[in-house]
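S.K.: Shown below is the structure under consideration.
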Amino acid sequence: MIASRVGLIARRQPLAASRLVSQSRATPLARQLVRSIQTESLPPSAATDILNAQRVKRPSSPHFTIYQPQITWLGSIANRMTGGVLSGGLYLFALAYLAGPVVGVPVDSAHVVDFVAGLPEWFKYTVKGALGMSFSFHSWNGIRHLLWDAGRCE
Numbered sequence: 001m002i003a004s005r006v007g008l009i010a011r012r013q014p015l016a017a018s019r020l021v022s023q024s025r026a027t028p029l030a031r032q033l034v035r036s037i038q039t040e041s042l043p044p045s046a047a048t049d050i051l052n053a054q055r056v057k058r059p060s061s062p063h064f065t066i067y068q069p070q071i072t073w074l075g076s077i078a079n080r081m082t083g084g085v086l087s088g089g090l091y092l093f094a095l096a097y098l099a100g101p102v103v104g105v106p107v108d109s110a111h112v113v114d115f116v117a118g119l120p121e122w123f124k125y126t127v128k129g130a131l132g133m134s135f136s137f138h139s140w141n142g143i144r145h146l147l148w149d150a151g152r153c154e
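So for the sequence shown, our numbering puts the first residue at 1; every next one is plus one.
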């Protein structure tokens, strides 16, 4: 059984090959439809100039100007701003803590406590209030955004 199939396959392969060869030959009409393409090498600066010219002609993508202002924009923008301020402050303190010994400025807990104790009361309350409000606002709005993403609040 297997031997007969192998023999049958061996007989079919030359037929399939001859069909492929005859299909790949171009007809006289197809030979006349061939276009010749010319390319030109350009220096990188010329290619950049062409791309910049194309970019000028493209339409600009939609911006905020096409949308109707929403009240939720303000909360989202404030959430991003508080997150940026809080993370920026954390990074600045971490860099000061790491670079302090190298520069010669001690940033250990005893020196930080002494520095804060020397500040006026109104300044301490202002900074604590601003940090507390920013952290609370950012935390609650993060939860709000997670609920929106989950589809629980409309």
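Every residue gets a Cβ at the ideal spot worked out from N, C-alpha and C, and that includes glycine. Just so it is clear, the structure is predicted and the values come from calculations on it, not from any experiment.
(1) Are Thr72 and His138 close, meaning C-beta to C-beta below 8 Å?
(2) Out of His145, Gly151 and Ala150, which one is the CA nearest neighbour of Arg80?
(3) Here's a check: name, in chain order, each residue in its chain whose Cβ is nearer than 6 Å to the Cβ of Val107, leaving out the five neighbours to either side.
(4) Is it the case that the Cβ atoms of Val116 and Lys128 are separated by a distance below 8 Å?
(5) In whole angstroms, what is the alpha-carbon distance linking Gly89 and Val113?
(6) Straight-line CA distance for Thr65 to Ile50?
(7) Which one of Val85, Arg55, Ala46 and Leu42 has the shortest CA to CA distance from Ala130?
(8) Tell me which residue opens and which closes the alpha helix (DSSP H) that Glu121 is part of.
(9) Considering Thr39, what are the terminal residues of the alpha helix (DSSP H) in which it resides?
(10) In the structure shown, what three-state DSSP assignment does Leu33 receive?
M.R.: In terms of the structure at hand:
(1) no
(2) His145
(3) Ala96, Tyr97 and Gly100
(4) no
(5) 18 Å
(6) 29 Å
(7) Val85
(8) Glu121 to Ala150
(9) Careful: Thr39 lies outside any alpha helix (DSSP H) and carries neither H nor E.
(10) coil
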